[in-house]
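Structure first, commentary second.
Set out below in structure tokens:
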């Protein structure tokens, strides 16, 4: 039977691994994902694979959160308004056009 001490050890191990893999994320975000995923899995009857299942679930969650950040970032249309920058060979004032 797994004890609370064993549970904390599983959580610490997964947090340690995922902090390395997601070094660009705040440690508190990684820890929260691991603890929440562990809690969701901890009451299952078979606890033999808690470490790997917790790591996989938290990793997917952190990847999804990273994808959401990328998707929610402003998207460039590729058009740049450079009309106020002078260009060689082109007049800088509208009167000269």
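Residue numbers (my numbering): 15 to 111. Ideal Cβ placement from N, Cα and C applies to all residues, glycine included.
According to DSSP, simplified to helix, strand and coil, what is residue 61?
In the chain shown, the residue the question calls residue 61 occupies position 47. Three-state result, residue 61: coil.
Which first and last residues belong to the alpha helix (DSSP H) in which residue 49 is found?
Translated into positions along the chain shown, residue 49 becomes position 35. For residue 49, the enclosing alpha helix (DSSP H) begins and ends at 41-56.
Going by C-alpha to C-alpha distance, which of 48, 40, 20, 38 sits closest to residue 28?
Counted from its first residue, the chain shown places residue 28 at position 14. Of the listed residues, the one whose Cα sits closest to residue 28 is 48.
Taking the straight line between their C-alpha atoms, what separation do you get for residue 78 and residue 24?
Looking up residue 78 in the chain shown gives position 64. Looking up residue 24 in the chain shown gives position 10. Cα-Cα distance, rounded: 22 Å.
Look up residue 79 in the DSSP assignment and say whether it is helix, strand or coil.
As a first step, residue 79 must be located in the chain shown, where it is residue number 65. Helix, per DSSP.
Looking only at its chain, what residues have a beta carbon closer than 8 Å to the beta carbon of residue 31, apart from the 5 residues adjacent to it on each side?
Position 17 of the chain shown, counted from the start, is the residue given in the question as residue 31. Hits under 8 Å: 69.
Quick check on DSSP: helix, strand or coil for residue 72?
Here the question's residue 72 lines up with position 58 in the chain shown. Residue 72: helix per DSSP, three-state reduction.
CB residue 12 to CB residue 56, shorter than 9 Å?
Here the chain has residues from 15 to 111 only, and residue 12 is not among them.
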